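Going down the list, the protein sequences come from chains A and B.
Its first residue numbered 1, the first sequence is counted upward by one per residue in the working numbering.
Its first residue numbered 282, the second sequence is counted upward by one per residue in the working numbering.
Even for Gly, the Cβ is constructed at its ideal location relative to N, Cα and C.
Keep in mind it's a predicted model, so treat the numbers as computed, not measured.
What follows is a set of notes on a single structure, which appears directly below.
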Amino acid sequence: MVVNTGLYAFNVTCAYRQIIPTIDSIYGDATPPKTPADFEIKVASPSFARRFFRPQVSFYCDQHSPFKPLPLAQAYALLEWGMNWCIATHDHTQLLIHAAVLVKNNQAIIFPAVPGSGKSTLTAFMAMSGWSLYSDEMAIINLDSGLVSPLYRPICLKNDSIDLVKEWFPDSIFTSTWKDTHKGDVAHLKASSWKEYIQCKPTEIVAIVFPKFVANSELKIYSLNQLQAFETLSKNAFNYGVLGNLGFNVIDKIIKRAALFEIEFGKLGEVEAFLLEDIIE
Amino acid sequence: MNKYRLHPKASNAVMDDESGIALYSECSGRSAFLKNQHQKLAIEMVSNKLLDTFSSIDMQSWLNIDNEELYKLENWLVENKFIVKHS
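In structure tokens:
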């Protein structure tokens with residue numbers, strides 16, 4: 001089957017039929033791509049014995065398997081992580097930053113963050129509250145224009161945030177929860193439809209916000225200077241080292257156009273109010 | 282006193298908000314982020330002088346660092362092909 005994420009298409013071979021309904025629930029409404037798939041990927045057992053004895057699955061891109069095998073129950077999560085890996089390690093025609101991207105009124109805000117910073121919970125909240133979801137994982141930035149492009153992918157939520165988001169948005173579409181992965185419990189949220197996705201166009205980045213969740217904290221906003229933002233953004237880029245000068249120049253362009261903040265937050269509503277009042281026109 | 286100029290394969294980006302200067306060396310693949318300590322004056326000096334030559338004393342003044350730090354920084358910038366000694 002072909003999974004169309006908009007910018008990239010994956011030809012997926014699954015040795016286990018069990019994950020096909022999940023793939024279908026997340027990507028099934030996307031139209032088939034008009035070009036051949038960019039990646040040939042497979043989720044299959046690493047060995048004959050592992051089909052039966054404590055069943056495991058491995059992710060393959062062509063013949064290469066970049067990760068250790070995982071329990072069969074985590075096959076879908078492995079597929080999603082594998083797709084991230086394919087993009088991050090192969091597309092060097094654009095700058096790829098580990099960041100969420102949300103858009104309002106044709107203005108993009110990117111949220112680069114380290115794991116545990118609350119990025120995905122924030123992304124889920126905003127995407128389900130009327131913002132356009134461009135990505136939960138990766139800001140894909142054109143090297144010439146500095147515009148950020150949308151990617152049709154779900155949001156990967158972990159641990160407590162899964163139940164929280166389910167409680168806030170009871171009608172939301174979730175995959176099952178994959179228990180005890182190396183990231184804890186994981187579930188994927190379909191936060192936009194293909195119909196919504198195709199309305200999204202490459203967009204100007206108006207702000208870069210580095211979020212940090214601190215339980216029960218009131219919203220604290222710190223201005224970042226351009227040099228701090230440059231350094232942090234380059235460290236969050238997957239392919240900055242590969243792009244060399246091109247990556248350097250596009251980061252320079254972005255940070256000089258965008259508002260730059262670091263925020264500490266405990267309540268998601270306060271973050272949204274700040275973004276709407278102080279950044280989005 | 283050592284005199285330097287930017288390495289021919291190094292790029293520089295002076296920050297508009299005068300927070301400093303970012304350098305990228307195509308030879309070493311490394312980036313350097315030099316924080317400005319003397320606000321506008323230093324930025325003007327950096328942006329003008331980097332195109333030409335500058336001395337250790339210029340660098341010390343821009344970055345407000347002591348002799349030991351300056352010595353380490355000079356060596357690091359030279360080793361990683363951000364700057365070259367100007368004869």
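Just the C-alpha distance for residue i and residue j, rounded to the nearest angstrom, thanks.
| i | j | result |
| --- | --- | --- |
| A/G116 | B/R311 | 28 Å |
| B/A303 | A/D252 | 9 Å |
| A/N159 | A/K190 | 17 Å |
| A/K256 | B/D297 | 7 Å |
| A/A248 | B/Y305 | For clarity, residue 248 of chain A is Phe in the given sequence; the question names Ala instead. Straight-line Cα distance between these residues: approximately 7 Å. |
| A/C14 | A/P46 | 13 Å |
| A/V165 | A/H188 | 11 Å |
| A/K34 | A/P21 | 23 Å |
| B/N356 | A/P66 | 38 Å |
| A/Y197 | B/F363 | 43 Å |
| A/A99 | B/M282 | 45 Å |
| A/K68 | A/Q18 | 20 Å |
| A/Y134 | B/R286 | 43 Å |
| B/S309 | A/F174 | 45 Å |
| A/V58 | B/E307 | Contrary to the premise, residue 58 of chain A reads as Ser rather than Val in this sequence. Computed Cα separation, rounded: 37 Å. |
| B/L344 | A/M1 | 57 Å |
| B/L351 | B/Q341 | 6 Å |
| B/S300 | B/N348 | 22 Å |
| A/A49 | A/P55 | 8 Å |
| A/E272 | A/L219 | 11 Å |
| B/K284 | A/V250 | 31 Å |
| B/A294 | A/V3 | 40 Å |
| A/Y16 | A/D38 | 22 Å |
| A/A237 | A/A113 | 11 Å |
| A/S234 | A/V242 | 12 Å |
| A/G244 | A/I109 | 24 Å |
| A/L246 | B/A313 | 16 Å |
| B/S337 | B/L354 | 10 Å |
| A/D285 | B/S292 | Residue numbering for chain A in the displayed model covers 1 to 281; residue 285 of chain A lies beyond these limits and cannot be assessed. |
| A/V209 | A/E281 | 16 Å |
Taking 7 Å as the threshold (beta carbon to beta carbon), is residue i in contact with chain A?
| i | result |
| --- | --- |
| B/E307 | yes |
| B/M296 | yes |
| B/A303 | yes |
| B/S312 | yes |
| B/S300 | yes |
| B/S292 | yes |
Determine which residues share a DSSP beta bridge with residue i and list them.
| i | result |
| --- | --- |
| A/V3 | A/F10 |
| A/G184 | A/T181 |
| A/A139 | A/I97 |
| B/Y285 | B/F335 and B/K366 |
| A/L260 | A/I208 |
| A/A174 | With the sequence shown as reference, residue 174 of chain A is identified as Phe, and Ala is not the correct amino acid for it. A/F174 pairs with A/L189. |
| A/N230 | The displayed chain sequence assigns Phe, not Asn, to residue 230 of chain A. Bridge partners of A/F230: none, in fact. |
| A/E40 | A/N11 |
| A/K220 | A/E264 |
| A/C156 | A/H188 |
| A/T203 | A/V148 |
| B/N293 | B/L304 |
Let me see if you follow: with CB-CB separation under 7 Å, is residue i close to chain B or not?
| i | result |
| --- | --- |
| A/L227 | yes |
| A/N216 | no |
| A/D252 | yes |
| A/G244 | yes |
| A/S234 | yes |
| A/E262 | no |
| A/F248 | yes |
| A/E231 | yes |
| A/K256 | yes |
Between the Cα of residue i and the Cα atoms of the options, which residue gives the shortest distance?
| i | options | result |
| --- | --- | --- |
| A/E80 | A/L243, A/R257 and A/C156 | A/C156 |
| A/Q74 | A/C14, A/V101, A/T31 and A/K179 | A/K179 |
| A/V206 | A/V101, A/P150 and A/E264 | A/V101 |
| A/L151 | A/G118, A/I208, A/T181 and A/M83 | A/M83 |
| A/N225 | B/Y285, B/A313, B/P289 and B/N317 | B/N317 |
| A/W131 | A/M138, A/A88 and A/N105 | A/N105 |
| A/L268 | A/L7, A/V3, A/S129 and A/P154 | A/S129 |
| A/F52 | A/Q63, A/L72, A/V209 and A/S149 | A/L72 |
| A/P154 | A/C61, A/I162, A/Y27 and A/H182 | A/Y27 |
| A/L263 | A/G244, A/K119, A/G6 and A/Q63 | One detail in the question is off: residue 263 of chain A reads as Ile in this sequence, not Leu. Among A/G244, A/K119, A/G6 and A/Q63, the Cα nearest to that of A/I263 belongs to A/K119. |
| B/L315 | A/A30, A/L227, A/Y76 and A/V214 | A/L227 |
| A/A229 | A/D163, A/S161 and A/F261 | A/F261 |
| A/H90 | A/E167, A/S217, A/A9 and A/I280 | A/A9 |
| A/G6 | A/I87, A/I41 and A/Q63 | A/I87 |
| A/I23 | A/I279, A/Y76, A/K195 and A/I254 | A/Y76 |
| A/H182 | A/A259, A/L70, A/K42 and A/S217 | A/L70 |
| B/T334 | B/V359, B/K290 and B/H367 | B/H367 |
Compare the C-beta of residue i with all C-beta atoms of chain C and state if any pair is closer than 7 Å.
| i | result |
| --- | --- |
| A/G241 | Of the protein chains in the structure, A and B, none is chain C. |
I'd like to know if the segment 192-205 of chain A and the segment 134-146 of chain A are in contact, where contact means that at least 3 CB-CB pairs between them fall below 8 Å. Yes: the two stretches touch, three or more of their Cβ pairs being nearer than 8 Å.
Taking contact to mean at least 3 C-beta pairs separated by less than 8 Å, is the segment 81-94 of chain A in contact with the segment 109-125 of chain A? Touching, no, given that fewer than three Cβ pairs across the two stretches are closer than 8 Å.
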